[in-house]
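K.L.:
Take this structure first; my questions come after.
There are 2 protein chains.
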Amino acid sequence: MTVQQQATDARVAAIDLAAATRAEKDRALLLMADRLEESAEEVVAANAVDVNNARAAGQSEAMIDRLTLTPARVGAMADGLRQLAALPDPIGDVVRGSTLANGLELRQVRVPFGVVGMIYEGRPNVTADAAGICLKSGNAALLRGSGSALSSNAAIVAVLRKAVSDAGLPADTIQLVDATTRDSVKELMRARGLVDVLIPRGGADLIRTVVEESTVPVIETGVGNCHVYVDEAADLEKALAVTINSKTQRLSTCNTAESLLVHAAIADAFLPLVIEELISAGVTVHGDPRVAGYSADVVAATDADWRTEYLSADIAVAIVDSIDDALDHIRRFGTGHTEAIVSESTTATRRFAARVDAAAVMINASTRFTDGGEFGFGAEIGISTQKLHARGPMGLPELTSTKFIVTGNGHTRG
Amino acid sequence: MTVQQQATDARVAAIDLAAATRAEKDRALLLMADRLEESAEEVVAANAVDVNNARAAGQSEAMIDRLTLTPARVGAMADGLRQLAALPDPIGDVVRGSTLANGLELRQVRVPFGVVGMIYEGRPNVTADAAGICLKSGNAALLRGSGSALSSNAAIVAVLRKAVSDAGLPADTIQLVDATTRDSVKELMRARGLVDVLIPRGGADLIRTVVEESTVPVIETGVGNCHVYVDEAADLEKALAVTINSKTQRLSTCNTAESLLVHAAIADAFLPLVIEELISAGVTVHGDPRVAGYSADVVAATDADWRTEYLSADIAVAIVDSIDDALDHIRRFGTGHTEAIVSESTTATRRFAARVDAAAVMINASTRFTDGGEFGFGAEIGISTQKLHARGPMGLPELTSTKFIVTGNGHTRG
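Structure representation (structure tokens):
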């Protein structure tokens, strides 16, 4: 079946889904969860095919670990669906409402987008996750997963579709898009009018391609060249804790810090401490010439370092002469994801928060907090780094549009 | 100067503008208004050049009327700017906020987009309007107006830039983009990273081109193939009033009704009345074969009629056998702008409102009410017909993005 045909079927499913009540959707989510657990053996067996292929292809153990499903991991997928059922339904929320001077009743109400296309790499658990989030927000999902998870994704989607259908909602609420070819990504990008929004999740190349080539509206996610700026008025202990946590708490996430900017006035006090702690944590410090003066272990930074999202045990460190120099540096090299300042000065933190152009600003807190779970959203479909529609961690409301419903009694415009 | 250079200058201006207080922005808006009035003579003289060119090119009197500025019309532009100054500032509004379990203080705050590109046709008053709305919402504006209003727009922008600068904000908050060539539109569409959002306002061709070719995120505006559906349970008097008003109150606007769908069960009672009234109002009725049976004055409708946004004294009329047939028709031919139902049945109005996929649904009210002014927004930059970011009339908040500001005390993630 072509993507075009799948999208057409999804549009039909989306009509009923948009009118489904929360009770109907939650019943489907709970049945999806139960059936996944009941089918854990089949899903794990299907996953073994992918894992064997990955091994035969000589993939790294880290990649194979991410790909591997166990009954416990299938159970975690089911629990994720149950948590979604417990979350409030955004659909029907009245975002704005008033009674106009002429008596017309105006309500702006949350409605689903309709059809959401997800393009993602990596772990097969994203399949259940994305399907659940789309269903809860009333959207039909076209899921284009990784070619390395073909067999796993097919097994998961077969179980989920049957459960959705048995729960009385259209099976085409969830469809898997052919992942054996790049053509399916192109077809999704061209399905304007059939697909309402595309969400690419994965590497920078995938995201750039989709953003530049798609005629379907896109929500850009995830590239994070995040900075920690240690101001002259920083508390050294907080600065150390925030820097180390931002860099090392997890290396490969988009909200991990990749650069550290230190105010010149505090460099003597702070840099020896932080360089030592970074290095003892196994992090390679790439520094500008002034930073290199503080330790023989500092590697010389090149211009490329300032713009690199390492996703590894590396950090670029620069000394800046003022908060505005820090802001200029971030403006030049940042990706608009998360920027942190450590400072006891309200003047400095206000200026930084007002002038930094990013989805999230952390004041005396780790960049690692930019996360739907940490923010208490209960579910996260990704972290938007664009300004249109959604910015930062996206929960269920970010997967909706709105509709004005205006009620009159034969009202005409004069 | 290239569009790229202008956009770069706009980005610099946008940094200060984003941090400007409401008081600073309102002072600029009021000075812009005063200066426009003081310069009315120069602006009208500059406009005369455009008007003479239009006459020499043999433009229609209607087009020339839309182009022409008088001191009174310049005064109306100034009043528009004063009204903007009186509106609340969306910037800094806390959209969502909470204190997390770990004590982190989370605030999601409205911030400007940064740089907004407007591509528009027609009346030169849009220039002052768009500049004012962008400034009030903290955005730098790149204005690409009509080639027919070159001299008028240059005069208006010169006055506005001087006023903005004299009020202490960057002159590059407002810039006019070369309208002598289509290349400037292409350059705007390619200025990803420099321009944050593009808003095309004009004909369907312009909007389609921008939507399909722009790599800069776009807010699609305005094409309206709006329907009035008269249900079997309609009150005939309300149905008549709503239909006539939706079609004839103003012919050339996007919220004007272009099609009428009548339930078969009420056709005998309603169609003779409405056809007579439409025809006596000078409207040509294009009907399907069943509708043609009601009057010799009905012109046979072709398939093209159902998809045409006439913007003229024409209406396409069809009989449908059920509310679901009406919904199917609208799904097939509608543009997602405004759809109206006339019915006394709550079952019918609930079903219609839930299932019709449009920016606005009118229940027993004219389609003409879909308008920022009518909705009480105080200012309108256009009517979005897309689902991402903004849908329906866009006021000041729709010209903003958000930023999460998270305040801690050395918080790290465990």
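Top line first, the protein sequences correspond to chains Y and V.
At position 272 of the first sequence (counting the first as 1) the number is 272 in full-length UniProt numbering, and the numbers step up by one without a gap.
At position 60 of the second sequence (counting the first as 1) the number is 60 in full-length UniProt numbering, and the numbers step up by one without a gap.
From the three backbone atoms N, C-alpha and C, an ideal C-beta is built for every residue, glycine too.
#1: Any beta carbon of chain V sitting closer than 8 Å to that of MET118/Y?
#2: Using a Cβ-Cβ cut-off of 7 Å (strictly less than) and excluding sequence neighbours within five positions of PRO90/Y, which residues of its own chain qualify?
#3: The alpha helix (DSSP H) that contains ASP79/V, what's its start and end?
#4: Distance check for ALA340/Y and TYR229/Y, CA to CA, integer angstroms please.
#5: Can you pull the chain V neighbours of LYS387/Y, defined as C-beta to C-beta under 8 Å?
#6: If we require 3 or more residues per run, which beta strand (DSSP E) segments fall completely within the region 127–185 of chain Y?
#7: Examine the Cβ distances between the region 284–291 of chain Y and the region 222–236 of chain Y and report whether three or more of them are shorter than 8 Å.
#8: Here's the rule: buried if 16 or more other CB atoms are within 10 angstroms of the residue's CB, otherwise exposed. What is VAL218/V?
#9: Among residues of its own chain, excluding the 5 on either side of THR70/V, which ones have a beta-carbon nearer than 7 Å to its beta-carbon?
#10: Taking the beta carbon of MET189/Y as the centre, do at least 16 other beta carbons fall within 10 Å, making it buried, or is it exposed?
#11: Would you please state the rounded distance, in angstroms, between the beta carbons of GLY378/Y and LEU87/Y? I believe it to be under 8 Å.
#12: Can you tell me the Cα-Cα spacing of GLN59/V and ASP65/V, whole angstroms?
#13: Could you please give me the residues that DSSP links to PRO200/Y through a beta bridge?
#14: Could you have a look at ARG250/Y and say whether DSSP puts it in helix, strand or coil?
#15: Answer yes or no: does any C-beta atom of chain V fall closer than 8 Å to that of ARG110/Y?
#16: Is SER366/Y helix, strand or coil by DSSP?
#17: Which residue from LEU176/Y, PRO393/Y, VAL185/Y, LEU106/Y puts its Cα closest to that of ALA124/Y?
#18: Within the continuous beta strand (DSSP E) that includes THR256/Y, where are the two ends?
#19: Within 8 Å of any Cβ in chain V, is that where the Cβ of MET362/Y sits?
#20: Thinking C-alpha only, which one of LEU106/Y, LEU142/Y, SER246/Y, ASP305/Y is nearest THR402/Y?
#21: DSSP on LEU399/V, reduced to helix/strand/coil?
#22: Where do the ends of the beta strand (DSSP E) carrying THR349/V lie?
#23: Can you tell me which of THR256/V, SER246/V, ALA154/V, ALA23/V puts its alpha carbon nearest to the alpha carbon of VAL274/V?
#24: Let me know the secondary structure DSSP gives LEU260/V once reduced to three states.
#25: Does PHE270/Y come within less than 8 Å of chain A when only Cβ atoms are used?
#26: Using a C-beta cutoff of 8 Å, does ILE133/Y count as contacting chain V?
#27: So, under 8 Å CB-CB, ALA356/V and LEU327/V are touching, yes? Tell me the CB distance rounded to an integer number of Å.
#28: Which parts of the region 12–76 of chain V are runs of the beta strand (DSSP E), unbroken and 3 residues or longer, counting only runs that do not cross its ends?
#29: Leaving aside the five residues before and after SER148/Y along the sequence, list all residues of the same chain whose C-beta is less than 7 Å from its C-beta, in chain order.
#30: Please determine, among LEU135/V, ALA241/V, THR215/V, the residue with the shortest C-alpha to C-alpha distance to ALA19/V.
#31: Which residue's Cα is closest to the Cα of ARG73/V: ASN52/V, THR302/V, GLU41/V, ALA57/V?
#32: Roughly how many angstroms separate the alpha carbons of ILE244/V and GLN6/Y, rounded to a whole number?
#33: By DSSP's criteria, ILE405/Y is part of a beta bridge. Which residues make up the other side?
#34: How far does the beta strand (DSSP E) with ASP314/V in it extend, from its first residue to its last?
#35: Would you list the one or two residues that DSSP bridges to GLU339/V?
#36: If the cut is a Cβ gap below 8 Å, which residues of chain V does HIS411/Y touch?
P.N.:
Well, looking at it:
#1: no
#2: ARG110, SER137, LEU396, PRO397, THR400
#3: 71–86
#4: 6 Å
#5: PHE113, GLY114, ASP196, VAL197, PRO217, SER401
#6: 140–144, 174–176
#7: no
#8: buried
#9: VAL44
#10: buried
#11: 5 Å
#12: 10 Å
#13: ILE119/Y
#14: coil
#15: no
#16: coil
#17: The sequence shown places Pro at residue 124/Y, not Ala. For PRO124/Y, the nearest C-alpha among the options comes from LEU176/Y.
#18: Premise fails: THR256/Y is in no beta strand (DSSP E) and is neither H nor E.
#19: yes
#20: LEU106/Y
#21: helix
#22: Unbroken run through THR349/V is the alpha helix (DSSP H), 346–355; no beta strand (DSSP E).
#23: SER246/V
#24: strand
#25: Included in the structure are the protein chains Y and V, with no chain A among them.
#26: no
#27: According to the sequence provided, residue 356/V is Val. The question's Ala does not apply to it. Indeed they touch by this definition, with Cβ atoms about 6 Å apart.
#28: none
#29: ASP50, ALA54, LEU67
#30: LEU135/V
#31: GLU41/V
#32: 41 Å
#33: ARG107/Y, VAL361/V
#34: 314–320
#35: HIS227/V, VAL361/V
#36: VAL242, ASN364, ALA365, SER366, PHE369
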